[in-house]
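Since the structure comes first, as structure tokens, the remarks are kept for the end.
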């Protein structure tokens with residue numbers, strides 16, 4: 025290379041393409057993103073997003089509390105803070121976790137910029153490129169995205185209606201280790217899983233913990249929906265039963281509001297230290313004003329009562345969705361019956377492809393997230409994640425009705441021409457990476 | 025490994041030590057951190073931290089603006105947002121950058137969780153482990169920390185009183201490339217540099233940009249202090265003179281308040297796309313409420329007037345520091361005369377070691393940051409960064425007086441026993457990694 029003759033940048037689409045890190049070349053814009061932009065039009069019922077419904081928060085009173093916060097504590101709340109997060113909100117978080125039988129010390133809590141950043145911090149602390157992360161199949165699209173962005177080798181472990189299947193987990197770990205792979209942790213969402221709505225039973229949790237002990241395996245428990253149980257009280261968290269082998273991710277995004285970007289990681293002490301150092305190099309400190317704001321909310325408001333209000337609201341929406349599915353889904357469709365959280369997992373009649381069907385659904389003014397987004401390996405083409413969190417019960421009923429019509433029409437095309445089931449095989453290598461799960 | 029016999033964890037200090045990523049094993053707690061905890065005692069004058077003085081912000085009015093924000097726009101401000109950041113604040117940021125002659129499009133701005141996260145995002149987009157990042161010597165401790173945490177190979181390029189020395193930069197790039205190293209970018213703080221307070225002259229900037237063009241080298245321009253010029257108007261930013269080869273980092277931490285954690289990256293379009301994808305996997309979206317809050321501040325307050333007020337306040341503090349240094353430093357000491365920003369860079373008389381001296385300074389009730397924190401290679405033992413941003417002029421005068429006494433006493437010990445200059449050599453391999461620069 026002659027230094028006085030720089031490479032001709034103008035002839036390439038991205039002049040920096042040879043300069044990026046290896047991880048960057050794997051990043052892809054989701055092909056469904058453009059479609060979601062269309063799906064945000066008011067005439068479309070979106071059953072796609074994971075946005076909580078925060079319209080009923082007492083905004084007048086919250087605004088007054090924030091005004092007082094700025095006047096009384098603004099000098100601290102608007103200043104740099106601790107890389108670990110502020111002590112008083114970590115104390116509050118210990119109280120929140122106690123609602124799920126978790127005993128913890130505030131010193132073992134690290135605040136993150138949303139629990140998404142908790143995921144990223146944990147991954148950065150543990151994973152070199154190529155290290156194996158075990159992930160429930162299907163699982164949260166944003167976790168898959170973070171593991172991919174950190175160049176992890178994602179190995180799926182299937183779940184059934186009771187959660188992760190211990191025998192399959194054992195099999196995967198033994199096989200991977202025998203071939204010399206480094207298995208860093210299992211990522212699991214025990215409560216009202218995203219995307220399936222499935223909850224690990226207590227027996228399954230105990231089996232999982234016993235297996236983790238036997239295999240010397242770390243568990244990364246992600247629990248954003250645990251307090252949004254719509255029927256019985258929640259089952260004790262994995263972390264409530266084991267404080268040595270479980271790293272726990274929590275969030276205020278679903279029990280208060282996501283815009284503050286305050287999540288947390290609860291980790292054994294040695295890991296907590298590494299997380300803090302990683303947080304410091306990533307952000308110096310997580311959002312300070314947000315931490316004061318949420319602490320003020322927890323201090324001055326009946327947050328437990330607000331969660332009960334949220335539960336009632338989401339229960340009505342879930343019921344509207346299950347009712348509409350019963351009314352409008354054609355034979356051959358099946359779906360989960362979540363006992364909490366935000367999501368129903370729909371399986372289409374054989375031969376249909378949810379991603380291929382999406383443009384036609386959006387044309388029919390209903391949007392959803394295709395199942396392939398929740399797998400790292402291209403599976404899920406017959407599945408759909410339906411969210412009942414954001415639209416009203418009336419919108420949900422209308423949206424599911426539209427979806428039923430689209431599926432029926434799709435079935436007719438399939439039965440006549442048999443196109444879709446083949447196209448899946450042809451297209452699976454082109455399946456794009458998942459998009460973030462915020463809309 | 026027998027699966028039924030997990031390794032004996034109890035006998036090791038950190039049971040997870042074999043599980044961490046390679047990058048994690050390089051993370052170190054700074055040895056000066058414990059000392060800084062002591063330095064935060066009220067009787068100690070801390071000249072160590074980089075905290076802005078935000079005590080004079082109009083908190084009553086800001087609180088009222090936030091209350092109105094929650095009532096009027098809370099449903100959006102407390103919800104998930106865009107991975108790139110909200111459009112309206114990106115428009116506002118374009119206005120802020122125009123104050124430094126930067127012409128930009130809001131579409132090329134990416135919001136980060138403080139500009140520290142901007143640094144991390146850029147590093148993640150470009151750097152594989154072992155890639156070279158060129159860094160001014162000395163430079164911002166938090167940047168060195170991020171580059172280290174991302175396993176970059178930090179190569180220093182010396183600065184003189186006019187900023188980075190182009191001949192040394194050329195030499196470094198040619199040498200590194202001829203030995204097959206990948207040089208990803210040069211990290212530079214042209215205005216009132218942290219830690220030296222030195223400002224790149226216009227001629228030096230032009231030479232740097234010409235050299236970057238010739239060498240096909242990306243520049244990462246970090247400009248948190250640009251609007252805090254204490255004498256003449258600021259010199260045009262590098263980005264104001266080149267929009268193809270400069271990635272620009274901006275921040276509200278010094279011109280408004282750091283606790284919201286809102287910084288930004290302005291980058292050429294192709295790089296901007298990669299930054300957004302990386303941001304999405306890192307946090308889903310940067311703090312949304314913070315963006316609304318800062319946009320409300322920029323909209324409803326005389327932020328330019330506030331910056332003029334900050335300038336007057338910091339000018340008085342800088343003048344107090346320079347005056348006190350003239351009065352109290354013994355012969356053989358030299359220091360910079362910053363025209364803006366927060367910092368003075370002090371060089372101790374020959375034979376003294378600023379890190380070894382720190383415990384004695386804290387005992388004498390004055391704290392500073394030893395120069396070694398600002399080098400990746402153990403240099404800087406004769407240097408001290410003094411901050412004039414946070415303490416009052418009276419505290420600064422008293423702190424510098426105490427420091428002068430400590431240095432004189434240290435010189436006497438050195439002249440009598442000649443200990444310190446040797447101990448540097450013995451200790452340099454033990455020099456800890458830098459601590460974050462928030463206190």
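Residue numbers (my numbering), protein chains in the order written: chain G, 25 to 463; chain H, 25 to 463.
Each residue gets a CB set at the ideal place from its N, CA and C atoms; glycine is no exception.
Computed from a predicted model, the values in this text were never measured in an experiment.
| Item | Value |
| --- | --- |
| Check whether the segment 78–87 of chain H touches the segment 198–211 of chain H, taking contact to mean three or more Cβ pairs, one atom from each stretch, closer than 8 Å. | no |
| In this structure, does DSSP put residue 211 (chain G) in helix, strand or coil? | strand |
| Are the C-beta of residue 319 (chain G) and some C-beta of chain H separated by less than 8 Å? | no |
| Can you check DSSP and say which residues form a bridge with residue 409 (chain H)? | H:369, H:393 |
| How big is the Cα-Cα spacing for residue 61 (chain H) and residue 294 (chain G)? | 21 Å |
| Distance check for residue 304 (chain H) and residue 212 (chain G), CA to CA, integer angstroms please. | 20 Å |
| Closest Cβ-Cβ distance between residue 396 (chain G) and chain H: below 8 Å? | no |
| Which value, in whole angstroms, describes the spacing of the CA atoms of residue 461 (chain G) and residue 116 (chain G)? | Unreliable positioning characterises residue 461 (chain G) in this predicted model, as indicated by a pLDDT of 48, which lies under 50. A coordinate reading is not provided. |
| Mapping the DSSP letters down to three states, classify residue 256 (chain H) as helix, strand or coil. | coil |
| Candidates H:377, H:333, H:53, H:161: which alpha carbon is nearest residue 430 (chain H)'s? | H:377 |
| Spell out a yes or no on whether the segment 60–79 of chain G and the segment 64–71 of chain H are touching, meaning 3 or more CB-CB pairs, one atom from each, closer than 8 Å. | no |
| Using a beta-carbon distance below 8 Å, is residue 308 (chain H) in contact with chain G? | yes |
| I need the DSSP call for residue 64 (chain H), collapsed to helix, strand or coil. | coil |
| Listed from N- to C-terminal order along the chain, which residues in the segment 143–154 of chain G have their beta-carbon within a distance smaller than 8 Å of any beta-carbon of chain H? | 144, 148, 149, 150, 151, 152 |
| How far does the beta strand (DSSP E) with residue 158 (chain H) in it reach, from first residue to last? | 156–161 |
| For residue 177 (chain H), list the residues DSSP reports as bridge partners. | H:156 |
| With a floor of 4 residues, list each alpha helix (DSSP H) that falls wholly inside the segment 112–153 of chain G, ordered by position along the chain. | 138–150 |
| Going by Cα to Cα distance, which pick from H:190, H:387, H:148, H:413 is closest to residue 173 (chain G)? | H:148 |
| State the beta-bridge partners of residue 182 (chain G) as determined by DSSP. | G:161 |
| Confirm, please, whether the CB-CB distance from residue 183 (chain G) to residue 168 (chain G) is below 8 Å. | no |
| Taking a Cβ distance cut-off of 7 Å, strictly less, list which residues of the segment 277–305 of chain G are near chain H, in chain order. | 281, 282, 283, 284, 285, 294, 295, 298, 301, 302, 304, 305 |
| Would residue 189 (chain G) and residue 171 (chain G) qualify as a contact pair, given that the criterion is a beta-carbon distance under 8 Å? | no |
| Check distances from the C-beta atoms of the segment 40–68 of chain G to those of chain H and list, in chain order, the residues that come in under 8 Å. | 40, 41, 43, 44, 45, 46, 47, 48, 51, 52, 53 |
| At a Cβ cut of 9 Å, what residues of the segment 109–133 of chain G count as close to chain H, listed as they run along the chain? | none |
| Using a C-beta cutoff of 8 Å, does residue 383 (chain G) count as contacting chain H? | no |
| Alpha carbon to alpha carbon, what distance is there between residue 396 (chain G) and residue 325 (chain H)? | 48 Å |
| Are the Cβ atoms of residue 301 (chain G) and residue 289 (chain G) separated by less than 8 Å? | no |
| For residue 198 (chain H), count neighbouring Cβ atoms within 10 angstroms of its own Cβ and tell me buried if that reaches 16, exposed if not. | exposed |
| Which residues in chain H have a C-beta closer than 8 Å to the C-beta of residue 170 (chain G)? List them in chain order. | 305, 306 |
| For residue 327 (chain G), which residues does DSSP report across the bridge? | None; residue 327 (chain G) has no bridge partner. |
| Is the segment 233–252 of chain H in contact with the segment 278–289 of chain H, if contact means three or more CB pairs nearer than 8 Å? | yes |
| Where does residue 250 (chain G) fall in DSSP's three states? | coil |
| Would you call the segment 96–111 of chain G and the segment 122–142 of chain G in contact, with 3 or more CB pairs under 8 Å? | yes |
| Go through its chain and collect everything with a Cβ distance to residue 229 (chain H)'s Cβ below 8 Å, but skip five positions before and after it. | 187, 214, 259, 260, 262, 265 |
| From residue 412 (chain H) to residue 222 (chain G), what distance separates their C-alpha atoms? | 57 Å |
| Could you work out which residues of chain H lie near residue 38 (chain G), taking near to mean beta carbons separated by less than 7 Å? | 294 |
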